[in-house]
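Presented below is the structure to which this report refers.
Residue numbers (my numbering): 188 to 728.
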């Protein structure tokens, strides 16, 4: 009898171990709650305005201190090339000016940032300082090759060129037809991924050949040129019309609800000129900004309004931010803000098996990621790193939605056995060996999931065991594992098979996942059965 009980116990323990090995960990040690911390992410947030005045020669670059900012609004004055400013002739942009502009973009990139760019012929408020339309279009054509060569540094182009401050008003040359010509020239001579904003919806409606009163019915798709055109607003929340930006606010915001999902929208908040209830408050913005998908604002102007946000307490529907300043709420919600809400990952697999990962990611920000990045999975162990490309399109992680993502990953050939940390990395180039972590996106979770050295977010760990002899042990087909998720990702390429980069794993031990709930349950049942069997044996004795 004793031998029988021992055999039964051994069988139970083996069953429990098998269950543990085959389980998918729920990663309970990862904190799935949103942090209140304010931090930088690419192409979103409060920007730093930088003014540069260009001349024919001896042009200067952006300062080293300004070049280190995360998001820079370049206000580029080319009035020296207009007869209305220089008093002589309309002239083409000089090589010195063009080189200075390009070097400024390169300096911003080398410091890890991006820029919103706007050209104008005056930033002093004077009217009619533009050159002839022929020369204005020539200037655009001269600038476009530089924009194309440095496109990854440019978050957005605010068309500008017309009117004081490039705000596209108050100048005789600023007609809808002339703006259409300038916009067409910019669109035709820049890559399709670059988005371009105009100052008022009327310019878009005229360009698209639609009635402004029906602009909310206009829907664009990625293959259309109109998909690239957005809006910038330097009268943000200043009045019922945003100081003349909108003609019918509700109709034109309905258009922005769709169009600003894939174009940046933002500008400058201004003082209150509303006839009724002020719009430039935390309360109003915390509601409408989710509709307009506001991604960026001037971090300096209007200073009085911004100061009022810093003293005002948030009292909206988001319980997490109750009692925080309105400024914190706005700063954290400009653009996209990704929070990992769930991570389930295979705990133990063999070298010839697929790594299965399921993620839930919520975008709690006002807007979307507009300019696409490359999403990769990082497998890290000691001084070894593998980077595996996926086809995850992070621009589809929509504001106010939780997106379910599934990865079924073929492990790299020759990967060694042992425990590997797994990260999700969203970056500009998807090449951890050489890209200097340019434009990596950090998730807004509490805890230690962000690894600054890798520029990636920790999602779990995996124990890789030596593969079985396939001739004797056929692996089970996974043909039925195609789940109906919002995004299904397959491995498209393996790169950096065994880089020699030495990394500093900043994930604390407390953040590592343990076994999943099913494994814990089976372990408990197994222990109970063992105890009962020994009690039966003891009673018989």
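Each residue gets a CB set at the ideal place from its N, CA and C atoms; glycine is no exception.
| Check | Outcome |
| --- | --- |
| Beta strand (DSSP E) segment containing residue 631, residue limits | Counting along the chain, residue 631 falls outside any beta strand (DSSP E), and DSSP gives it neither H nor E. |
| Any non-hydrogen atom of the ligand GTP closer than 6 Å to residue 375 Cβ | Absent from the structure shown: the ligand GTP. Ligands present: none. |
| Distance CB(residue 528)-CB(residue 219) smaller than 7 Å | yes |
| Check whether residue 652 and residue 571 have beta carbons under 7 Å apart | no |
| Element boundaries [beta strand (DSSP E), containing residue 235] | 232-240 |
| Boundaries of the beta strand (DSSP E) in which residue 187 is found, first to last residue | Outside the shown range of the chain, which is 188 to 728, sits residue 187, and nothing can be said about it. |
| Secondary structure of residue 258, DSSP reduced to three states | strand |
| Nearest residue (CA-CA) to residue 543, options 495, 642 and 564 | 564 |
| Bridge partners - residue 420, DSSP secondary structure assignment | 454 |
| Spatial neighbours of residue 633 in its chain, beta-carbon cut-off 8 Å, leaving aside the 5 residues before and after | 218, 220, 221 and 222 |
| Per-residue burial, residue 266 [other beta carbons within 10 Å of its own, 16 or more giving buried] | buried |
| With 16 other Cβ atoms within 10 Å as the buried cut-off, status of residue 676 | Confidence at residue 676 is low in this model, with a pLDDT of 35, below 50, so the placement of that residue should be treated as unreliable; the coordinate-derived value is given next. Buried, because 16 or more other Cβ atoms sit within 10 Å of the Cβ of residue 676. |
| Rounded straight-line distance, which links the Cα of residue 604 to that of residue 233 | 45 Å |
| Residue 547, enclosing beta strand (DSSP E) - first and last residue | 541-550 |
| Reduced DSSP secondary structure (H/G/I, E/B, other) of residue 198 | Bear in mind that a pLDDT of 46 at residue 198, under 50, signals an unreliable position, so the number given afterwards is only what the model happens to contain. Of the three classes helix, strand and coil, the one that applies to residue 198 here is helix, per DSSP. |
| DSSP three-state assignment for residue 471, whether helix, strand or coil | helix |
| Proximity of residue 366 and residue 343 at Cβ, strictly below 7 Å | no |
| Runs of alpha helix (DSSP H) lying entirely within the segment 360-398, each at least 4 residues, in chain order | 363-375 and 388-395 |
| Neighbourhood of residue 453 by C-beta, 6 Å cutoff - its chain only, sequence neighbours within 5 removed | 481, 482, 483 and 484 |
| Pairwise C-alpha distance: residue 291 and residue 337 | 10 Å |
| Cα-Cα separation, residue 731 to residue 356 | For the chain, the structure presents residues 188 to 728; residue 731 sits outside this window and is missing. |
| Pairwise C-alpha distance: residue 412 and residue 294 | 30 Å |
| C-alpha distance - residue 216 paired with residue 438, whole-angstrom precision | 46 Å |
| Terminal residues of the beta strand (DSSP E) in which residue 563 lies | 561-568 |
| Residues near residue 646 in its chain [Cβ-Cβ closer than 8 Å; skip 5 each side] | 214, 217, 527, 530, 532, 544, 546, 609, 610, 611 and 636 |
| DSSP-derived helix/strand/coil call for residue 263 | strand |
| Residue 580 versus 573, 567, 302 and 594, residue with shortest Cα-Cα distance | 594 |
| Alpha helix (DSSP H) segment containing residue 288, residue limits | 282-297 |
| Cα-Cα separation, residue 341 to residue 319 | 27 Å |
| Buried/exposed call for residue 423, threshold 16 Cβ in 10 Å | buried |
| DSSP three-state assignment for residue 519, whether helix, strand or coil | helix |
| Chain-order list of residues whose beta-carbon lies under 6 Å from that of residue 488 (same chain, five-residue window excluded) | 455 |
| Cα-Cα separation, residue 674 to residue 592 | Only weak support is given to the placement of residue 674: the predicted model assigns it a pLDDT of 35, under 50, and the value that follows is read from those uncertain coordinates. For residue 674 and residue 592, the distance between alpha carbons rounds to 5 Å. |
| Simplified DSSP state of residue 251, which is helix, strand or coil | helix |
| Nearest residue (CA-CA) to residue 345, options 312, 467, 263 and 620 | 263 |
| Short Cβ contact (7 Å threshold) for residue 613 with residue 628 | yes |
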